[in-house]
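The next block holds one structure in the form of structure tokens; read it before the comments.
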RNA sequence: GGAGGGUUCGCCUAGUGGCCGAUGGCGGCGGUCUUGAAAACCGCUAUGGGGCGCGAGCUUCAUCGUGGGUUCGAAUCCCACACCCUCCGCCA
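In the working numbering, the protein residues as written are 41 to 459.
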């Protein structure tokens, strides 16, 4: 959430910043609700103070009790008004997105994002290249049909060489991040409402979440939730920062609103695995760490040999918690375009405020800043398959993955019984 | 799933309707003493919100697992729920 006290003090600056992402009207509604809440709070508190003063000391006599009963009734109705106003204020506050970073790209849509740079050679093929599904499906390395039979659309079996290569990719990235100071974590994938709100997936992303109603738990769409929740309500010592975590989880997304989008193959599925970076740092350091997360993502893409470009995402296309976001888009030869394979966001103090993660600094307790970024998902594997295929339909696996159990080539051996 | 025990201010703990925002100890911080340190002694030691003030600050409300209820008044009584521990059952 945003810093409401700061917003009261300089509403024009907040309104202007939020207007860049189309949230100026919501902000004004919030300020009005806040004003009302403060008025009602003052009134209720004054009554409560009077009641507390009256209930000190010896028990009151009968005529005094009649008086106090009236006061009690008055207080009760004042408190109802106050809590109604508070609920309205909280609901509005929960929907206000983070203040965008001045250097985040202008614009409201995906098309407004800025290309910062490109890397690598776009491959040219002497044959018609096949996408990952065409490469994998006929011989059983990627099986969407059986996935659909089991679980419905957008579920994939990855089998044999593809399974091993994918696992190697995650292990490679986890190792890479560990060598850069990240602590590897295997966190829970079921999380309660508090963590979902705290990370900003609720209330705005509710339709995209799987909810286990019987248990009041959500399936997380990213380990960001669990890594952000790991220090919920904690007071971090300054020497604990920066804290860098590398999580690995299976992730679940309903992909509501994505109907008809990326329906082919396993580019957009309901269940996928991911190595995620998550950083806690001091307020002054988050811009620098954002650049670092991007640099790590680029190093990984380069180690895999994937041609890519770096995008500065337009403010209107940011998730609510993000102040600024970079995407890396790899070249997909069959689609003939760059597609997102990783993403990293600076969420400044937005999640830390909601999750109540603070540190003891020079001026007392202050909220930390947090950042998140993709280490790797299977999308990198799809890019590998498309970019490094040969005419016979086999794929040369990047050498760096060999150390982690990947076969040198995908498609040389039979996938075995799954066929 | 069943039975029992528990949840209080960093940790441990006292507290069964008004004198409790809350006892005591540990830890931490400051001071006295000391060449320095330890010990001893003295003091301070939660968080969040609102109002006032340029500010140091003053003031007020909330918070004793969470949410409801009873009452003029709740850490304390009642109800529901959550979590933790022990035992039994079941299962990976």
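Just so you know, even glycine gets a beta-carbon here, dropped at the ideal spot from N, CA and C. What you are looking at is a predicted structure, and each value in this text was computed from that prediction instead of being measured.
(request) Going by CA-CA distance only, name the one from 372, 265, 375, 320 that's closest to residue 406. (result) 320
(message) Alpha carbons only, please: which of 294, 324, 108 is nearest the one belonging to residue 95?
(response) 108
(message) Please report the distance separating the alpha-carbon of residue 334 from that of residue 413.
(response) 8 Å
(request) Using only alpha-carbon positions, find the residue among 92, 112, 362 that is nearest to residue 383. (result) 362
(message) Only counting the same chain, and skipping five residues up and downstream in sequence, which positions put a Cβ closer than 8 Å to that of residue 91?
(response) 108, 111, 112, 115
(request) Output yes or no for whether 8 Å exceeds the beta carbon distance between residue 356 and residue 124. (result) no
(message) So, under 8 Å CB-CB, residue 133 and residue 41 are touching, yes? Tell me the CB distance rounded to an integer number of Å.
(response) 5 Å
(message) Rounding to the nearest angstrom, what Cα-Cα distance links residue 288 and residue 122 in this structure?
(response) 44 Å
(request) Pick helix, strand or coil for residue 271, following the three-state DSSP scheme. (result) coil
(message) Quick check on residue 81: does DSSP put it in helix, strand or coil?
(response) helix
(request) Rounded to whole angstroms, what's the CA-CA distance from residue 216 to residue 292? Just pull it up for me. (result) 25 Å
(message) Assuming residue 370 is part of the alpha helix (DSSP H), what are its boundary residues?
(response) Residue 370 -> not in any alpha helix (DSSP H); beta strand (DSSP E) instead, spanning 364-372.
(request) Quick one: give me the first and last residue of the beta strand (DSSP E) that residue 399 is part of. (result) 398-401
(request) Tell me where the beta strand (DSSP E) around residue 63 begins and ends. (result) Residue 63 -> no beta strand (DSSP E), and no H or E assigned at all.
(request) Keeping to the same chain, check which residues put their C-beta closer than 7 Å to that of residue 433; ignore five residues upstream and five downstream. (result) 170, 175, 451
(request) Inspect the beta-carbon positions of residue 77 and residue 347 and report whether they are closer than 8 Å. (result) no
(request) Give the secondary structure of residue 247 by DSSP, where H, G and I count as helix, E and B as strand, and everything else as coil. (result) helix
(message) What ranges does the alpha helix (DSSP H) occupy inside the region 165-213, keeping only unbroken runs of at least 4 residues that lie completely in it?
(response) 172-176, 184-191
(message) On a Cα-Cα basis, can you pick out the residue from 294, 167, 71 that is closest to residue 49?
(response) 71
(request) Note down, in chain order, each residue of its chain lying with its Cβ closer than 8 Å to the Cβ of residue 232, except the 5 sequence neighbours on either side. (result) 256, 257, 258
(request) Look up residue 219 in the DSSP assignment and say whether it is helix, strand or coil. (result) helix
(message) What does the alpha-carbon distance come out to for the pair residue 10 and residue 304?
(response) No information on residue 10 is available, as it lies outside the stretch 41 to 459 that the chain covers here.
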